[in-house]
Each structure stands twice: as structure tokens, then as C-alpha cells.
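Below: the structure, in C-alpha cells.
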Amino acid sequence: MGFRMDVERFDELLTELQKNYRIYAPVLLKGKGRYSETDTIRYAEINSIKDVVFDKKSVFSPKEVILPITQTLFYFTEDNVIEPKVDEKNILIFLRSCDIHAVKRLDEIYLRNRFADSYYAALRTKVKFVLMECEKSFENCFCVSMGSNRTDEYDLFVRLEDGKVYVESKNETFDGLFKDEENAEVSPKFVLENETVVKIPENLDQRVFKSKMWDEYDERCIACGRCNFVCGTCACFTMQDIFYKDNPNAGERRRVWASCMVDGFTDMAGGHSFRKKYGERMRFKVMHKVYDFNKRFGYHMCVGCGRCDDICPEYISFANAVNKLNDAMKEVE
Amino acid sequence: MENVYIPFSSRILEIKQHTDIDYTFKMEYRGEVKPGQFFEVSIPKYGEAPISVCEIGDGYVALTIRRVGVVTNEIHNMKVGDRLFMRGPYGNGFDIDIYKGKEIIVAAGGTGLAPVKGIVDYFASHPEEAKSFNVLMGFKSPKDILFRESIENWSKTIQTTLTVDRADEGYTGNTGLITNYVKTVEIENADEAQVIVVGPPIMMKFTVQEFINRGIKEENIWVSYERKMCCGVGKCGHCKIDDTYICLDGPVFNFTQAKHLVD
Amino acid sequence: MLDINTKQLKKNAFRITKERGKTAVRIRVPGGNMHVKFFSVIQEIAEKYGNGTVHITTRQGFEIPGIDMKNMPDINKMLQPIIDGLEINQEAPGCGYPASGTRNISACVGNAYCPYGNYNTGELAKKIEKAVFPHDRHVKIAVTGCPNDCIKARMQDFGIIGMTEPQYDPYRCVGCQACVKNCKKRATGALKFENFKVVRDHSKCIGCGECVIKCPTGAWTRSEEKYYKLVIMGRTGKKNPRIAQDFIKWADEESVIKIILNTYEYIEEYIDKEAYQGKEHIGYIVDRTGYQEFKKWALKDVNLGPKAEVAQTINW
């Protein structure tokens, strides 16, 4: 079902929705960029469609809504553990096709892979997707190569055009909300080509570990982990136990995002660690995204959003690293 | 949905000190456990650590814990009757049935003896269930030797070889790397013999190679891996190697699979 | 026949040179940044009246040598588009620069494109220039974007160093400690890791913003307000060269400008009336009156913000 309405009307409906939903979208954060007087685009709660940044890619992916950066698992008292209360509201997320595909990857790890994660599940089951279309491919996007440029797994599609809001609803939950709005033909357009094209070699396997291609990253990479943190599919976390300064008997166990590029990721108590070289970490990450995740789950982890390439302060291109695998396979064959 | 991260509390039944930094804690536990499996053991406010099971008995599991970090440091301060938090058991563990009726050789380096101790215990008390059983144990120095009492008892029913890298005054036993003893261990039928190797990465690498040199088939070699783990349930990603989660698919691997696990 | 008032010549931003009858003209470029269209004027003067060369001065101006003193009026006329273009305060059009005592306000590139710059140094340099020029008192001012101090603000009477007050969102912090390690290694060790989150020691923090730059998750961001560290009384020269010391930390822009203006009054009051050519570094005046007297004059009617910290004493 498609509808057309004024921005003001849409915002009224948004307010109506807010009774039951927290609504997240990419927003512009003024002055919150890395450098002086630069802005950034991140996910935050919105109150108006005018808050949504449609024409630029968000720096961080929407994953932080479902997989919080810091998440308390439980609180300790003397000899008890108490789980934190779960927010009652449902969640609407404005996101793009690639991001919806990315959430599927998170689901694979957090809802399946032998055990289900109750914290993730608690948030995930509350989520409904509001698709944002990409008028054209952004810089560094290679969604077409990864097959994530299209989706029909959304609940609402919203387009803001010439002061009007066009909505497609695919979920009957919202039938009542839009019933009085003007009907219109609305369906999303999808990006059909990207400037960046990525080709994963068909014969890719572990032999590529021996390629010299990884060596350059020993020098180039600074192991900051930005590529992982902005990635919509990176799912790793580290556990932290803390005690409260004012009451050392109480504390909490929480988890925070982790990065396989950052020092300490493989450190074991006792001092042993693996992948000390940054090139090895690059190899581990690249292969996870375009080889071994696929081996385990049947499809590639990377969705081609290109955020890792957007963010790398050392101008390392993940997409190009994937393309280099083709020559690297020839080198080791 | 079950919350897999919530630990249960377990009472310390007994503490045995082996070395300055290695203690075994007998923990109250009822439930299915296999040798080679592990628990996530924690003291709230200090953190969690994956610890493999070294002994399984009626109403208890024993965990050998080396003092190497914040959590284990704190655990070593605990007394009998105190409580630790645990969740698990996790991992696949050793399948004893595979080894029954076979010629079995276990090679363990340092704390690597803990995860295989359950296997050795089993065959030491049921020697008739193995064609032969030989355990080779290597430690850095005499003061690092673990499970002295058990080793003493094992030697009554199965073959044991204990060696240290560096002897000190008064030590009269074997010295030298464990690989030297692999070279000379008696193997009756190399085609059938089952081998288990557990220890530090370097030790495992060379010991396995030595067994292969002795004609042991790769598919008859078993190893157990140790990696950083935060969850034990295939979520945190720290222990993943290639498409394998050590916590879910291991930590025990057949060498035909393990040889492809390149960090 | 040459009959030149050298005092006026110098005041007019020309100089006496080794070669009799030849002068050089100094072009001030506040903030050290200008449109290249003015280069053609410099080129024309150098080719037509000078010796075809131009010297880039340490204070980020240009000095065109080899000019016949008799051509000074022509030069002043030719300079007019640059003086207008760079919005230099002037008394009469066509007469060149009205003063040379207070030197060009120099600046590093600041946040125009340097990742470390904490503010727009060019803009502040121009603002200060507007406020203090023309003035005959020998005052050197430079502004720099961050404590790296690429402009050498600590060699000036007034050095202005950009600061940001890092804002920490513990929720976004993953504990990678990139900021902690970097602060220890490259700044002042103002950050420490406690209970898996980062704690900033404000007394040690120099507001360089390195933590913001290093943070991979955006847990550290910049404060909305911009802050400045004002360092004072640095100097080079024969008598007693020394580095400028911290006067005020976490100051605001308006206060900084007001303090500089106040200092001119202090100079008039206390300058050595016998000073050679009426030129005395302020630092020597402060040495005479004591820091407390200087402070009293400098802070007159200045409303520093709540975060500002004024040095109780300064030992250069």
C-alpha cells in the first residue's frame, strides 16, 4: 500500500508512532566529527522526518541500535545477579538495503550459530525496518557486487521528495496509521550499479594466506579498528566486569564492541597472542568477510556498504584488498 | 529465551596447590561433563575466564587454574566454602569411545595436562579398556610439575613418562623436551595408535610432527586448542579461526581438521 | 638629492638597507593566508621597482627589496589593492601602511585543513589585526591551532594556542585505549583507564584534541565552545631570549583580544621612555613592574569564562 502526505502530516503520524516506538535514523551531529568544525552522521532517535539525513551515508551503521556499543548484561550484588530491565517500546529503524542485509548477518551469529543470544533477541524482535532508498550509489559502495542493493525485507519504505513524503507500507501493523492518507503508487528504487566493483575469486581458499599481498598492510594499517566499528556486520564483543567505586560489593558485567584489528583481540591470560602483524589481522578480517563466513553460513558476510573504506584514516581500501585476492590466488596457485 | 550468560554459583569443595601458581579447585557440580570441555569461571567484578575441566567426579568437577591474570589472581585468594560463578560446560570435549580398545599415547605440555587429565584418569582406572596407554608429560622445571599424586597413581596401571626442560638440584628424573620422548616411545602398531597432544602452541606443533614422523596417521591424532574466549557460545568472535569457533566446534579437534586452523 | 625621514620611512613599513638609497617594502598578511591574485601585484613591484626577488618573512609577510627610495610613493599606490584586499586598517588610501611597530599577526593553517587545528586561526589572526593595527608599539602576536605550536607562538609577546575540551561519552567507548596510549606518548598523560573506561585529568589536559582524533568510535568529541591558551612574553633578541609561559588556560576569544588591547595601555604607562627608538619588548617591561602589575592591567574589565585558569605567578 502506498501513501502520499505533507511533511507536517507525516511528522504527526511519527509522533503517533512514538507512543509505541523509538524511532532511529541517521542524523547530522554538528561539530561532532573527528576534526574541528566537522560534522558526522550517526544513528539517533528522531522526532521529525526532517531530522533524517537521506542524501549522505551514515558514518556508523544502524547496528548500534540492536547491538549497543556498551551493553550491561547483568548487575551483581553480594551474591545475586540481576538482569537489566528491557525497554518496553518497539523500535523503528530508518536504514538502507545494504543495512537490512547486514542485520541478517548479525541475526545469523546472534540468533543462530548454536546458541541464541537473549539480549540481542530482546531488541531484535522489537525492530521494524523503514527502508531508505539510495537515489544513486555513494562513494565506495559496492552493494551490487555483494548482492545487497535490493531488498524486500522492510516494513515501511519512506521517500522524502519535493516537500512530500511517500510511504509504502508492507506491514499490516501500520494499516490503521495510514488509512486516511492519500493513496499513491510508491515503491523503492534500488541502485543497479556502483562505481566500485568487487570480484571475489571463485577458487579463493586458505592458500591465499601465503600471498605477499598481506605484507603491505603490516606497514600501512595502524590497527585502530575503525573499519570494524563502522561495519554493519562486525559482531564481536569483549566482556568487562566492573565494580562500583562507591560500593565495591556491587558491580556489573557488560559487553562492548571488539575489533579483530585492535591489539588485545587474541590475548590470552598468560601472555600468548596471535596475529601480531597488522597484515595478518587484515587477512583475518578480509577472509572472514568474503570467505569463511560464507563457508560456515552459506553467504558472504560483507554487504558492500563501503563504510570501512570511507573511514580508514590510512586510506586502505577493503574493496581493493578483496580485488587483490584475484592476483594473490594466481600467485599462490 | 534462556539467557546463556547468566552464571550459576558453585561452592569450592577442596583446593589443592600444585605449584606456586597452579591450584586445582574442586567445584560442586552435577550434570553431564566430558573431559576437554570447559567452563566460563568468574568472580563478579573481576571477570570471567575459560577453564578446562581436569577431573570429573560424583557431584563435582575439578578445575586447574593458573594464576596469570586479574580473575585467576582473585580466584586463588578464595577459600574452601567460598563460591565461584560458573557457566557451561562448553565445547565438544574428548570422546572416550574413540580411544577404547586402542593403543593410546597422550603427550601433554605444562597446563595442557589439565584438559586431558580426565582421559588419563579414566584409562588409569580402566586399563583393560585400552590396548596400551602411555602418557608423556613435559614441564619446564621440577617445580612446575602438576598433579604429582595422580601421576604417582597412574604409574601403577599405565605407562607414564615425565620430563622437565631444565632440571634443578636434587632432581633425578628425565630431562629434555617432550619431542625427544616421542622419538623413543614404544608404538606397536602405528596405523592404529591414537594420539592426543595438548600444550602450548609451539609444543603441539613439534610434537604432532614428531608423531607423524613416527608413522601415526593424521586422522588418529587429536589436539585441544586454547584461545581467548569471552562468551563460550559462538558470539564474541575472539576464538574464531577460519570458519571454526573453538568454543563451539572445539576445543578438541582431529588433526586432519586442526591442521587447517591457521590463526 | 635624497632627504628622507627614516623614522617615517620605517613607520611606513619600509626599511633602511645596506645599500644607500635602496629600500625594501614589507607587506603584512594577517594569518599568513591570502588570495593568489595579489601575487601579480608583488610580482609587478619586484620586477618594475625592485630587483626581481621577494623575501618571504618569518612573520608570514613579503618583503620586496632593491627599491629606490624615491619610488616609495609609487609603491604605496601599487600596494593599495593588497591593503584593501587583506582588509588592513589604513589611515589614508594610497599612502601604504600607517604603522609597522605591531607586527603582522602570523598564524599556522589552523583548522582550515590541518587535522590538529582546533579553530580557524586565519580568522582570529584577522580579528586581532583589526583590533590592534595600526600601532607603533613593538608587539609580536601569533596564533596557532594546537599545542604543536607550528607558528612558534611561544616566541611571541602573545601566543594564542587553540584548545578544545574533550567530551567523553562512556557508552561509545570500547576501551581500546588508543586515546590513553596516545596521550601518554604524545601529549601529557592526562588520560587513564579505570574500570574499563577513560578518566581525564583536567589539570593535566592541554586541550590538544588528540583523543578526539584517535578515538575510533566517536566516544571523544570536541566541545562546542572553543578555548585558547594565552602564553606571554616570549622573545628572541640579544639581551635575554626566552620562551613564552602560560598566562591563561581555557580562555575565550573575546577575553584574549581584550587582554592584548589592555596591554597596550600598560605599555604606555610603563615603557622605558629612554628606550632605543621607543622600542622595548613588553617582556622587559614586565620584568621591571613584576607579573602581578602586568596581570592587573591585562585583566582590567576582562570577563573570563568559568573554565579559565589564570597563572598565579609566572617564572620565565
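Protein chains in written order, with the UniProt record's numbering: chain A, 1 to 333; chain B, 1 to 263; chain C, 1 to 316. Quick reminder that beta carbons are idealized off the backbone N, C-alpha and C, glycines included. In this text, all values refer to a predicted model and were calculated from it rather than measured experimentally.
Practice task
Classify GLY52 (chain C) as buried or exposed, calling it buried when 16 or more other Cβ atoms lie within 10 Å of its own Cβ.
Solution key: exposed
Practice task
Identify whether PRO147 (chain C) lies in helix, strand or coil by the three-state DSSP scheme.
Solution key: coil
Handout entry: Sequence-distant residues of its chain with Cβ nearer than 7 Å to ALA190 (chain B) (five each side left out)
Key = ARG214, GLY215, ILE216
Exercise for the section: Check distances from the C-beta atoms of the segment 1 to 29 of chain B to those of chain A and list, in chain order, the residues that come in under 9 Å. Expected result: MET1, GLU2, ASN3, VAL4, TYR5, ILE6, PRO7, SER9
Handout entry: Inter-residue Cα distance where the pair is GLY147 (chain A) and GLU74 (chain B)
Key = 50 Å
Practice task
Put GLU181 (chain A) into one of helix, strand or coil per three-state DSSP.
Solution key: GLU181 (chain A) falls in the coil class under three-state DSSP.
Handout entry: the segment 206 to 236 of chain B: positions lying closer than 8 Å to chain A by Cβ
Key = Under the 8 Å Cβ criterion, the segment 206 to 236 of chain B contributes GLU226, ARG227, LYS228, CYS230, CYS231, VAL233, GLY234, LYS235, CYS236.
Problem - Euclidean distance between Cα positions of LYS245 (chain A) and THR70 (chain A) - result: 19 Å
Exercise for the section: Between the Cα of CYS173 (chain C) and those of C:PRO216, C:GLU225, C:ASP157, spot the shortest distance and give me the residue it belongs to. Expected result: C:PRO216
Handout entry: Whole-angstrom C-beta distance between ALA108 (chain B) and MET137 (chain B), which should lie under 8 Å
Key = 5 Å
Practice task
Using a threshold of 7 Å, state whether the C-beta atoms of CYS236 (chain A) and ALA258 (chain A) are closer than that.
Solution key: yes
Exercise for the section: Please confirm if VAL310 (chain C) has its CB atom under 7 Å from at least one CB of chain A. Expected result: no
Practice task
Compare the C-beta of THR70 (chain A) with all C-beta atoms of chain C and state if any pair is closer than 7 Å.
Solution key: yes
Handout entry: Neighbour flag for GLY225 (chain A) against chain C, beta carbons, 7 Å
Key = yes
Handout entry: Through-space distance from ARG30 (chain B) to residue 268 (chain B), alpha-carbon basis
Key = The structure shown does not extend to residue 268 (chain B), since chain B is modelled only from 1 through 263, so no value can be given for it.
Practice task
Can you tell me which of the three DSSP states CYS54 (chain B) falls into?
Solution key: strand
Exercise for the section: List the residues of chain C whose Cβ lies closer than 8 Å to the Cβ of GLN240 (chain A), in chain order. Expected result: Within 8 Å Cβ-Cβ: GLY175, PHE196.
Problem - CA-to-CA distance, HIS138 (chain C) to TYR276 (chain C), given in whole angstroms - result: 12 Å
Practice task
List the residues that DSSP assigns as beta-bridge partners of MET137 (chain B).
Solution key: B:ALA108, B:LEU162
Handout entry: Collapsed DSSP secondary structure at HIS126 (chain B) in the structure displayed
Key = In the structure shown, HIS126 (chain B) falls within a coil segment according to DSSP collapsed to helix, strand and coil.
Exercise for the section: List the DSSP bridge partners of SER9 (chain B). Expected result: B:PHE85
Handout entry: Residues in the segment 39 to 55 of chain A having any Cβ partner in chain C nearer than 9 Å
Key = THR40, ARG42
Exercise for the section: Verify whether the separation of the beta carbon atoms of TYR270 (chain C) and ILE282 (chain C) is less than 7 Å. Expected result: no
Exercise for the section: Measuring only between beta-carbons, confirm whether TYR171 (chain C) sits less than 7 Å from chain A. Expected result: Closer than 7 Å to some Cβ of chain A, the Cβ of TYR171 (chain C) qualifies, so yes.
Problem - Contact the segment 289 to 306 of chain A vs the segment 88 to 107 of chain B: 3+ CB pairs below 8 Å - result: no
Handout entry: Selection from B:VAL233, B:LYS131, B:ALA62 that minimises the alpha carbon distance to GLN159 (chain B)
Key = B:LYS131
Problem - For LYS192 (chain C), the three-state DSSP class (helix, strand or coil) - result: Here DSSP, grouped into helix, strand and coil, assigns LYS192 (chain C) to strand.
Practice task
Would you tell me roughly how many angstroms separate the C-alpha atoms of GLU182 (chain A) and ARG4 (chain A), rounded to the nearest one?
Solution key: 5 Å
Problem - Counted within 10 angstroms of its Cβ, other Cβ atoms place HIS35 (chain C) as buried (16 or more) or exposed - result: exposed
Practice task
Show which residues of chain C have a CB atom less than 9 Å away from the CB atom of SER273 (chain A).
Solution key: Near SER273 (chain A) there are no residues of chain C at all, since even the closest Cβ is about 15 Å away, more than 9 Å.
Problem - Cut-off 7 Å between Cβ atoms - residues of its own chain near VAL65 (chain A), not counting five sequence neighbours on either side - result: TYR24, TYR43, ILE91, ILE93
Problem - Identified DSSP bridge partners for HIS55 (chain C) - result: DSSP lists C:GLU63 as partners of HIS55 (chain C).
Exercise for the section: Return the CA-CA distance between ALA187 (chain C) and ILE259 (chain C), expressed in angstroms with no decimal places. Expected result: 28 Å
Handout entry: Where SER36 (chain A) falls, given that 16 or more other Cβ within 10 Å makes a residue buried
Key = SER36 (chain A) comes out buried.
Problem - Residue-level contact to chain B via CB, ALA269 (chain A), 7 Å cutoff - result: yes
Exercise for the section: May I ask you to list the residues that DSSP assigns as paired with PHE253 (chain B)? Expected result: B:VAL223
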